[in-house]
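In this text, residue positions in the sequence shown follow this note's numbering: the first is 1, and each later residue adds one.
Below is one structure; the comments refer to it alone.
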Amino acid sequence: MKRLILSVLILAGLFLPLYSQELVVETYESGVDLWIILPYELFILSQTNPFTEYQITAQIKNSKAKQVSVNEYSMQIPNQNWLKDCAIPIKQSQALNAGAYSLNLILRNKVLGDKRNYTKYFEVKNQATE
Numbered sequence: 001m002k003r004l005i006l007s008v009l010i011l012a013g014l015f016l017p018l019y020s021q022e023l024v025v026e027t028y029e030s031g032v033d034l035w036i037i038l039p040y041e042l043f044i045l046s047q048t049n050p051f052t053e054y055q056i057t058a059q060i061k062n063s064k065a066k067q068v069s070v071n072e073y074s075m076q077i078p079n080q081n082w083l084k085d086c087a088i089p090i091k092q093s094q095a096l097n098a099g100a101y102s103l104n105l106i107l108r109n110k111v112l113g114d115k116r117n118y119t120k121y122f123e124v125k126n127q128a129t130e
């Protein structure tokens with residue numbers, strides 16, 4: 001019983017940070033695809049407008065904290081109740097060497113002025129994802 005409780009606590013601890021965002025890394029011979037999955041609940045939406053405009057900046061740094069990539073996206077997030085359990089994917093293709101990296105994600109709400117930063121760490125391996 002103690003082992004079961006400990007296992008549940010460890011799993012909960014591993015998945016709680018994924019609530020704010022999830023990062024899926026697919027490695028190919030020609031490069032890396034990064035899928036950034038942003039839960040709809042992450043966005044603060046205007047109650048008076050049908051859409052809220054966000055600027056999203058994705059900055060990748062290597063293990064030496066040197067910036068290797070930066071991409072900016074402008075998105076209009078619809079204010080719809082039926083989207084509350086959905087997520088918004090962003091795909092980014094990169095040419096990254098094997099090694100450890102960090103993704104710094106900045107979400108800027110252009111309508112309401114809110115700004116949030118999130119950081120995820122990931123590793124690119126030598127072999128392709130199966």
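C-beta atoms are modelled at their ideal positions from N, C-alpha and C, and glycine is treated no differently.
In this text, all values refer to a predicted model and were calculated from it rather than measured experimentally.
Cβ-Cβ separation, residue j to residue i (assumed contact under 8 Å), whole Å
i: Lys-84; j: Leu-23; result: Not a contact, Cβ separation roughly 22 Å.
i: Asn-79; j: Asn-109; result: Not quite, the Cβ-Cβ distance comes to about 12 Å (not below 8 Å), so this is no contact.
i: Asn-71; j: Ala-98; result: So it is not a contact: roughly 21 Å between Cβ atoms.
Pick from the options that is closest to residue i, judged by C-alpha positions
i: Ile-88; options: Ala-95, Ser-74 and Ala-100; result: Ser-74
i: Thr-27; options: Asn-109, Leu-107, Ile-56 and Gln-92; result: Gln-92
i: Tyr-40; options: Ile-106, Ala-65 and Cys-86; result: Cys-86
Cα-Cα separation, residue i to residue j
i: Asp-114; j: Phe-43; result: 9 Å
i: Leu-112; j: Ile-56; result: 14 Å
i: Ala-100; j: Tyr-54; result: 28 Å
i: Ile-36; j: Gln-47; result: 26 Å
i: Ile-90; j: Leu-34; result: 8 Å
i: Trp-82; j: Leu-45; result: 14 Å
8 Å CB neighbourhood of residue i in its chain, flanking five on each side removed
i: Gly-31; result: Ser-93, Gln-94, Ala-95 and Leu-96
Own chain, CB closer than 6 Å to residue i, minus 5 neighbours either side, in chain order
i: Gln-21; result: Leu-38 and Tyr-118
i: Asn-104; result: Gln-59 and Thr-119
Beta-bridge pairing of residue i - partner residues as DSSP gives them
i: Ile-44; result: Looking at the DSSP assignment, Ile-44 forms no beta bridge with any residue, so it has no partner.
i: Ser-102; result: Lys-61 and Tyr-121
i: Asn-81; result: DSSP, once it has assigned bridges, lists no residue as partnering Asn-81.
Beta-carbon proximity list for residue i, same chain, < 7 Å, skipping 5 on both sides
i: Phe-51; result: Gln-76, Ile-77, Pro-78 and Asn-79
i: Asn-62; result: Val-68, Gly-99 and Tyr-101
i: Phe-122; result: Leu-23, Val-25, Tyr-101 and Leu-103
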